[in-house]
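Undergrad: Residue numbers in the sequence shown follow the working numbering, run continuously in steps of one, and reach 487 at the last position.
The beta carbon of each residue, even a glycine, is placed where N, CA and C say it ideally should be.
Before I ask anything, let me first share the structure, which is written out below as structure tokens.
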Amino acid sequence: MRSLTGWWRGRGQPERFDLYTRLSMYSVVCFEPLVVLAVLSPVRDAGRILPILVLSVAHAVVCLLLTRAGLDSYLGRRPRPVGLAVAGGVLTLAGTGLALLLLPTLAESPAKTAAFLVFAGYFYAALSTAVPPRVSLLALLAGVPCTFVVGRADGLTPQRAVGITIALVAVFVAGYVSFRLSAWMLGVVWQLDQSRQVQARLAVAEERLRFARDLHDVLGRNLSVVALKSELAAKFAERGRAEAVTEMLEVRRIAQESLTEVREVVRGYRSPDLEAELAGARSVLAAAGVDCQVLVDGTGLPPDAQATLGWVVREGTTNVLRHTDANECVISLRTDGRKTGTVTLTMDNDGVPAGRPAEFGSGLQGLAERLAAVGGTMSAGPAAPGRFRLTARLPLGAAVAP
């Protein structure tokens, strides 16, 4: 039982919804033989009931396979199951034909009507997941006149023949709406999950683009000037003029300034501000569909401590996006004494269900090394069942890790 619970918790929300939807639809299809047995219970002749019941079992199996393949086809994971649809149609005709031959006439017993509707209804429901709506409609339009003609031929009055035809349409609508709507909801859930993953990747790509843009702005102009002055210095050197030395000294100065500016850009990227990182984490996690609560007041902390904790928030957010399937994340901060104590930052999320080992990327390992370099500590692992917690403790007044 524990392993089953761990297996269930180890599945993401879309996978859980997929499994729940499929099991619900499969269970409905599997009840077909029991429904047939119930509607045939007034008929006391076992010789008539048994062949229809056996055929209903085969019909249920094919409808089950058709529903499963139809859902995969609707989600774009496999081609349309044309062969199963044809097999289901053949068994439906065989089941209704067998009921017409073995059971009393429609005018004498409602069991034949019920059996006819059960075979047709289950097939229409399974077919709705596997084929476009127009094909399902064509199947209904083909069944309506056939139902009326069969009813009249089996002794029904025109009014009762129309009644059984209307019942067939009602069964079709009920089966089509329930199964097709379930398939539609399943497709929406998987599309939302895919959109969530794309949003997370876009957030990471946007940050990389920002850094690349800043680096280009710093280096582009200076490198152009270096290229021009180097070319000018080379021409002066070819002519033996003393200005070549002056130009090369200027190239060296520009190169040193460029190096300083690049370090400033990298320092700004590698030494994040706590408030900015908290706002960015809230925004990025919200875009990825994670409810983020920030219970942090970073004001009053030393600048170096804020910068180091900003690193923790950045790496923790990246870990939530890449290695978990979280629905909520709580970021909190606690300070034990403003001057001589320690500050503790925790990031708690529900993204690592029980039974699944926690994943540690290189970012968390590097974060632990940076915290250790300034006297801090970090721990990461399961907290309460189904939750994952990242905890960073930092002595106040610690320097920013390089």
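(1) Starting from S464, follow the beta strand (DSSP E) in both directions and report where the run begins and ends.
(2) How long is the line joining the alpha carbons of C231 and A170, rounded to whole angstroms?
(3) Which stretch, first to last residue, makes up the alpha helix (DSSP H) that contains S500?
(4) Would you call the region 194-203 and the region 160-167 touching, i.e. three or more CB-CB distances under 8 Å?
(5) Flag this pair as yes or no: are the beta carbons of V114 and A145 separated by less than 7 Å?
(6) In three-state DSSP terms, what is P166?
(7) Let me confirm a value: E342 is counted as buried when at least 16 other C-beta atoms fall within 10 Å, else exposed. Which label applies?
(8) For I339, tell me which candidate among K314, M432 and K320 has the shortest Cα-Cα distance.
(9) Grouping DSSP H, G and I as helix and E and B as strand, with all else coil, what is D103?
(10) Can you give the beta carbon distance from L185 to R133, rounded, assuming they're within the 8 Å contact cut?
(11) What does a CB cutoff of less than 6 Å around F204 pick up in its chain, not counting 5 residues either side in sequence?
(12) Going by the DSSP bridge assignment, what does N434 pair with across the sheet?
(13) Determine, using beta carbons only, whether A210 and F264 come nearer to each other than 7 Å.
(14) Is the CB-CB distance between T214 and G155 below 7 Å?
(15) Taking the alpha helix (DSSP H) that L481 belongs to, which residues open and close that run?
(16) Is it true that the region 429-438 meets the region 405-415, where meeting means three or more beta-carbon pairs spaced less than 8 Å apart?
(17) Please name the residue or residues paired with T427 in a DSSP beta bridge.
(18) Does DSSP put E400 in a helix, a strand or coil?
(19) Assuming L481 and A390 form a contact by the criterion Cβ under 8 Å, report the distance between their Cβ atoms to the nearest whole angstrom.
(20) Would you mind stating whether V381 and R367 have Cβ atoms separated by less than 7 Å?
(21) Using the Cα positions of G466 and R298, report the straight-line distance between them to the nearest angstrom.
(22) Which residues in the same chain have their Cβ closer than 8 Å to the Cβ of P118, if we skip the five residues on either side of it in sequence?
(23) Could you pull the DSSP bridge partners for D376 from this structure?
(24) Measure how close the beta-carbons of V336 and V311 come, nearest whole angstrom, since I'm counting them as under 8 Å.
(25) If contacts are defined as beta-carbon pairs under 8 Å, then L304 and V347 qualify, I think. What distance do you get, rounded to the angstrom?
(26) Could you check how far apart the C-beta atoms of V234 and V254 are, in whole angstroms? I think they sit under 8 Å.
(27) Identify, in the order they occur along the chain, each residue of the same chain with its Cβ nearer than 6 Å to the Cβ of G206, setting aside the five sequence neighbours on each side.
(28) Tell me the rounded alpha-carbon separation between V273 and E292.
(29) Would you mind listing the alpha helix (DSSP H) stretches within the region 246-292 that are 4+ residues and don't spill past its ends, in chain order?
(30) In whole angstroms, what separates the C-alpha of E400 from that of T152?
(31) Measure the alpha-carbon distance for P172 versus A371 and round it to whole angstroms.
(32) Residues in its own chain within less than 7 Å of V124 by CB, not counting five upstream and five downstream?
TA: In brief:
(1) T462 to P467
(2) Take the alpha-carbon of C231 and the one of A170: they are about 19 Å apart.
(3) Nothing about residue 500 can be reported from this structure: the residues present for the chain run from 86 to 487 only.
(4) no
(5) yes
(6) coil
(7) exposed
(8) K314
(9) helix
(10) That belief does not hold up - the Cβ atoms of L185 and R133 are roughly 12 Å apart, past 8 Å.
(11) T177, G180 and T181
(12) C414 and F473
(13) yes
(14) yes
(15) Looking at the DSSP string, L481 is not in any alpha helix (DSSP H), and its letter there is neither H nor E.
(16) A contact exists between the region 429-438 and the region 405-415.
(17) D421 and P480
(18) Looking at E400 - three-state DSSP - the assignment turns out to be helix.
(19) 6 Å
(20) no
(21) 36 Å
(22) L138, S141, V142 and A145
(23) E413
(24) Right, the Cβ-Cβ distance comes to about 5 Å (below 8 Å), so this counts as a contact.
(25) Contact between L304 and V347 holds, with the beta-carbon distance rounding to 7 Å and staying under 8 Å.
(26) Contact doesn't hold; Cβ gap of about 15 Å is too wide.
(27) V256 and G260
(28) Roughly 29 Å between the two C-alpha positions.
(29) none
(30) 44 Å
(31) Looking at the sequence provided, one finds Ala at residue 172 rather than Pro. Cα to Cα, A172 sits roughly 47 Å from A371.
(32) The residues are A196, A199, A200 and V203.
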